[in-house]
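The structure appears below as structure tokens.
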Amino acid sequence: RISVFDIFINLIDDENQIIHYYEKIDFISSRDCDIKFNRYLLYPDLPKNPNHTYSIHIDIYEKTALTYFGSWYLFIPFPFLPVNRISTQIQIPLEKSEEELTNCSSECGNHGKCFKYIDSNKTFCHCDEGYSGRICNITYQHSCSSDSIALNSSICLCPLYKFGSRCYLEHTSCRSNNNPCQNNGKCIPMNDRIKKTGFICLYNENYLGSDLDNPPNKIDINFKIDTVPPVISGHFITAFDYRQHKQISTLEKIPFGQNSISLFNKQPFNLLFIEFSNNYYLTILREKFFPGEHISADVTMNNMCVNITEILNSTLLNYSYTRRLKYYPLQCRENPTFKCFHDEKHMCICDKSRFSNCFIFDFTTSYNCHGDNHCENDGKCIQDKPKCPTISVCKCEECYYGDRCQLTTKGYSISLDVIFGYHIKPWASFLKQSTAVKITASLTIIMFILGCLNGLICILTFRQKPLIEVGCGIYLLMNSITSLLTITLFTMKYCQLVTFQMNLTTNRSFIDFNCKSTDVLLKIFLCFGDWLNACTAIERAFATLQGPHFSKVKSKNIAKKIIPIVLSLITISYIHDPISRQLFDDEDEKRTWCIVKYSTSLTIFDKFINLFHFLAPFIINILSALVIIIQVFRSRAKVNQKTSNVTISAQIKQHKHLLISPCILILLALPRLIILFTSRCMKSAQNPWLFLVGYYISFVPPLLIIPVFILPSTTYKKEFLGVIRKMRLSRQ
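The sequence shown runs 1 to 732 under this note's numbering.
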């Protein structure tokens, strides 16, 4: 995107890092990137003091937000000479320097942060306002305006609409009550060295204009398709009578939740093609160009340009390219619904007479980012121009999305952030949020209320002395406590996600703490609940097998040992999760994400451990149910044939509480299992519903301890009803 910078070129002494002379350059990325600047830096002493050595320190600040962007270091090659001529080329990175170095060779004290130069491995201290020097220990007074930032006692970083040595003068050409830019363009003041009343207009993040007598065409593109792409390419074609058509291409990002985007173009054009997902759509077709016109066009499946391989038969496709071209003019007549089609070199449009009008089309208009690839997870960085690009985007691999492809739905444990985060609108009140947010919020509140009631009643039930005389009762008591903690954590997680994505909380330390703690605790408690269910199923299967020989005392002692061991092993298996979590700032969407970055080996381990914690309890429940069923049929074989039907019915009735629990848990796990193995990943943030349903289903078992374990059992049900009676009496 187009950015406005202030570049400060400072002459500093190497000993104390004090600025002795500086020059400032007002820099607009797309306009000035190919300009050569000449600046003179003067030594403080004339003639130059040979005992002092100096270097050049270049700082760059983003003008709109007044934020630090990065620094470069230039050494003076011949310090013994009175004059040095230094030439250098600076490439401004796509992203600003955000991370403060922890292992720093420079001690910056309490009033500075350690950063690394963009062009070298040297480090330096970037001092807070009011402090300077090598270690930011020198204080200074300044007279900069209150809305500016003091970089030194005599250097002020001015806001966008102010200028002067102390930032007290205002650009009159860009007053807020009299915007000279049309089409809601943003007025950007020109360099005050050149013209105090000059300005240029920023019409969107990627288009800059300066001629008000001939404003650009504003083109509103409306997407009437199932899935709106995150990035599009716009190809403007200008037709000429006696020479080759001219093609101008641009890239545009579409914010999440929008179904339209505005393009700006001042150059005359006759055709506009919109490209995404390797498909081309003929959006605008006109013979005459009208400057300054406001155009609205739709992208639908009807105006998609079909690939020639889908039209011609295999015989024609096997012809040489030149011979194959002879059959193009008839394709529009043979396919009356077509508006256009293309091959690997030509784009053809169907005219009013249904003949094909073909011209050479550049299908490779995007360029890589010259090695400055800020995309993650093997994403490909592309930009709209080889030199002086106005926009760069990340083309993500399948199952990855986000500003830098930082979000993924691969694996067997997906966070709610990845599934649902984009549906929460930043800086919007809850009433203005999408229907999906309101529905999930209501569902979360209902689940929290049910979970609290279920957990508290189950704790009161299973803490009764007759039930904890056996290991199964201890497992279920601990499961009740775990379910209450799980549903509380789940509700906290949802509230945190909504709060953070709405930008209601901006405390980075608090967000980082929750990022590294909430998700991993949710995983641990969910798995712990599943394993407690599995332990309950195992004990019941052994009780069925051993019959009267089953020892309650032994099972109780085993349960007391097993519970802390299982919890410890689960916690250890997820210790890599909080270590690998970090915050990521999405500048385009104005969001802060909690993301996980694993190495290749950790990725494999994480997939294995998540799959193991899900499948192992699931398989144990199946095997336990089978053991109980087999034992029932064995009992049938021991009785007389005449009474076999009565006996089998009695046996099933006697063991129904042992059969119902694992069967219900198996049924609850089946939807998650089906989603897990049939949908490899969520390919678009716009269609999260399948994975959102799967995520919410994973929290259903902790809500159903009463119907799964208590109601099918006569003993548990008796104690449960006793607890309910006591609660009613206490109210009276």
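For every residue, glycine included, the Cβ atom is placed at its ideal position computed from N, Cα and C.
Cβ-Cβ distance between F273 and H235 below 8 angstroms: To locate residue 273, count along the sequence shown from 1; it is residue 273. To locate residue 235, count along the sequence shown from 1; it is residue 235. Against a cut-off of 8 angstroms, the Cβ pair of H235 and F273 comes out as a contact.
Integer Cβ distance of C381 from C375, believed to fall under 8 angstroms: The residue given as residue 381 occupies position 381 in the sequence shown. The residue given as residue 375 occupies position 375 in the sequence shown. Yes, they are in contact, since the Cβ atoms of C381 and C375 sit about 5 angstroms apart, within 8 angstroms.
Sufficient close CB pairs (3 or more, under 8 angstroms) joining the region 330–348 to the region 297–317: yes
Residues that C358 bridges to, as DSSP identifies them: Taking the sequence shown and counting its residues from 1, the one referred to as residue 358 is at position 358. In the DSSP output, where bridge partners are listed per residue, C358 has C348.
Own chain residues within Cβ distance below 6 angstroms of Y21, not counting five before or after: Counted from its first residue, the sequence shown places residue 21 at position 21. So the qualifying residues of the chain are L11, L41, L42.
Distance between beta carbons of S132 and N110, contact taken as under 8 angstroms: Reading the sequence shown from its first residue, position 110 is the one you call residue 110. Reading the sequence shown from its first residue, position 132 is the one you call residue 132. Going by Cβ atoms, the distance from N110 to S132 rounds to 14 angstroms, so no, they are not a contact pair.
Counterpart residues of T250 in DSSP-defined beta bridges: Residue mapping note: residue 250 aligns to position 250 of the sequence shown, counting from 1. G234, per the DSSP bridge assignment.
Alpha-carbon to alpha-carbon, T300 and V228: As a position in the sequence shown, residue 228 is number 228, starting the count at 1. As a position in the sequence shown, residue 300 is number 300, starting the count at 1. Those two C-alpha atoms are separated by around 11 angstroms.
Identified DSSP bridge partners for F5: One-based indexing of the sequence shown puts residue 5 at position 5. Beta-bridge pairing links F5 to F27, E62.
With 16 other Cβ atoms within 10 Å as the buried cut-off, status of W427: On the sequence shown, position 427 is the one that residue 427 refers to. Exposed, by the Cβ-count rule.
Terminal residues of the beta strand (DSSP E) in which E719 lies: The residue labelled residue 719 in the question sits at position 719 within the sequence shown. That residue, E719, is in no beta strand (DSSP E); its alpha helix (DSSP H) goes 714–731.
Own chain partners of P707 with C-beta closer than 8 angstroms, once the 5 adjacent residues on each side are dropped: Numbered from its first residue, the sequence shown carries residue 707 at position 707. Around P707: I664.
Simplified DSSP assignment, three categories, for Y68: For the purposes of this step, residue 68 is taken as the residue at position 68 of the sequence shown. Strand.
Status (buried if at least 16 other CB within 10 Å, exposed otherwise) for I487: Taking the sequence shown and counting its residues from 1, the one referred to as residue 487 is at position 487. Per the 10 Å Cβ criterion, buried.
Cβ neighbours of I9 in the same chain (closer than 6 angstroms, five flanking residues each side left out): Against the sequence shown, residue 9 aligns to sequence position 9. Excluding positions up to five away in sequence, the list reads E23, R39, I58.
Proximity winner among C348, L271, N137, relative to A297 (alpha-carbon distances): As a first step, residue 297 is located in the sequence shown; it is residue number 297 there, counting from the start. Taking only the C-alpha atoms, the option nearest A297 is L271.
CA-to-CA distance, T461 to C515, given in whole angstroms: For the purposes of this step, residue 515 is identified with residue 515 of the sequence shown, where counting begins at 1. For the purposes of this step, residue 461 is identified with residue 461 of the sequence shown, where counting begins at 1. Their Cα atoms are separated by approximately 35 angstroms.
Neighbourhood of K642 by C-beta, 8 angstroms cutoff - its chain only, sequence neighbours within 5 removed: Indexing the sequence shown from 1 puts residue 642 at position 642. Confidence is the limiting factor: at K642 the pLDDT is only 46, short of 50, which leaves the residue's position unreliable, though a coordinate-based value still follows. Correct list: empty, nothing qualifies.
Beta-carbon proximity of V498 to D577, cut-off 8 angstroms: If you number the sequence shown from 1, residue 498 lands on position 498. If you number the sequence shown from 1, residue 577 lands on position 577. Not closer than 8 angstroms, so no.
Residue(s) in a DSSP beta bridge with E376: Counting from 1 along the sequence shown, the entry for residue 376 is found at position 376. Partner(s): none; E376 has no beta bridge.
From I474, S415, G379, residue whose alpha carbon lies closest to that of W593: The residue labelled residue 593 in the question sits at position 593 within the sequence shown. The residue with the shortest Cα to Cα distance from W593 is S415.
Contact the region 564–576 vs the region 527–538: 3+ CB pairs below 8 angstroms: yes
Beta-carbon proximity of P77 to P47, cut-off 8 angstroms: Within the sequence shown, residue 77 is the residue found at index 77, counting from 1. Within the sequence shown, residue 47 is the residue found at index 47, counting from 1. In this structure, P47 does not lie closer than 8 angstroms to P77 by Cβ.
S746 (DSSP reduced to helix, strand or coil): The requested residue 746 is not part of the displayed model; the chain covers only 1 to 732.
Other residues of its chain near D211: CB distance less than 7 angstroms, five sequence neighbours each side excluded: As a first step, residue 211 is located in the sequence shown; it is residue number 211 there, counting from the start. Confidence is the limiting factor: at D211 the pLDDT is only 47, short of 50, which leaves the residue's position unreliable, though a coordinate-based value still follows. Within the same chain, D211 has no close Cβ partners at all.
Those residues which DSSP pairs with S123 across a bridge: Start at 1 with the first residue of the sequence shown, and residue 123 comes out as number 123. It should be noted that the sequence gives Thr, not Ser, for residue 123. Partner(s): K116.
C-alpha distance - F699 paired with S483, whole-angstrom precision: Counting from 1 along the sequence shown, the entry for residue 699 is found at position 699. Counting from 1 along the sequence shown, the entry for residue 483 is found at position 483. Roughly 9 angstroms between the two C-alpha positions.
Cα-Cα separation, S434 to T506: To locate residue 434, count along the sequence shown from 1; it is residue 434. To locate residue 506, count along the sequence shown from 1; it is residue 506. Approximately 22 angstroms, taken between the alpha carbons.
I200 versus P189 - alpha carbon distance: Along the sequence shown, one-based indexing puts residue 200 at 200. Along the sequence shown, one-based indexing puts residue 189 at 189. In a straight line, the C-alpha of I200 is about 6 angstroms away from that of P189.
Proximity below 8 angstroms, CB of V627 to CB of L545: Sequence index remark: in the sequence shown, residue 627 carries index 627 (1-based). Sequence index remark: in the sequence shown, residue 545 carries index 545 (1-based). Yes, the pair counts as a contact, with Cβ atoms nearer than the cut-off.
Residue(s) in a DSSP beta bridge with I56: The sequence position of residue 56 within the sequence shown is 56, counting from 1. The partner list for I56 (beta bridge, DSSP) reads L11, L74.
C127 vs C114 beta-carbon contact at 8 angstroms: Here residue 127 corresponds to residue number 127 of the sequence shown, with the count starting at 1. Here residue 114 corresponds to residue number 114 of the sequence shown, with the count starting at 1. In this structure, C114 does not lie closer than 8 angstroms to C127 by Cβ.
Supposed contact pair L317 and T309 - C-beta distance, whole angstroms, cut 8 angstroms: By 1-based counting over the sequence shown, the position of residue 309 is 309. By 1-based counting over the sequence shown, the position of residue 317 is 317. About 6 angstroms separates the two Cβ atoms, so the contact holds.
Spatial distance of L169 from K288 (CA atoms): For the purposes of this step, residue 169 is taken as the residue at position 169 of the sequence shown. For the purposes of this step, residue 288 is taken as the residue at position 288 of the sequence shown. Each residue's Cα considered, the two are about 46 angstroms apart.
Selected residue, minimal CA-CA separation from A543, among I360, S624, S480: For the purposes of this step, residue 543 is identified with residue 543 of the sequence shown, where counting begins at 1. Residue S624 is the option with its Cα nearest to A543.
Pick from C369, R404, L407, L285 that is closest to K352, judged by C-alpha positions: As a working note, residue 352 is residue 352 in the sequence shown. Ranking C369, R404, L407, L285 by Cα distance to K352 puts L285 first.
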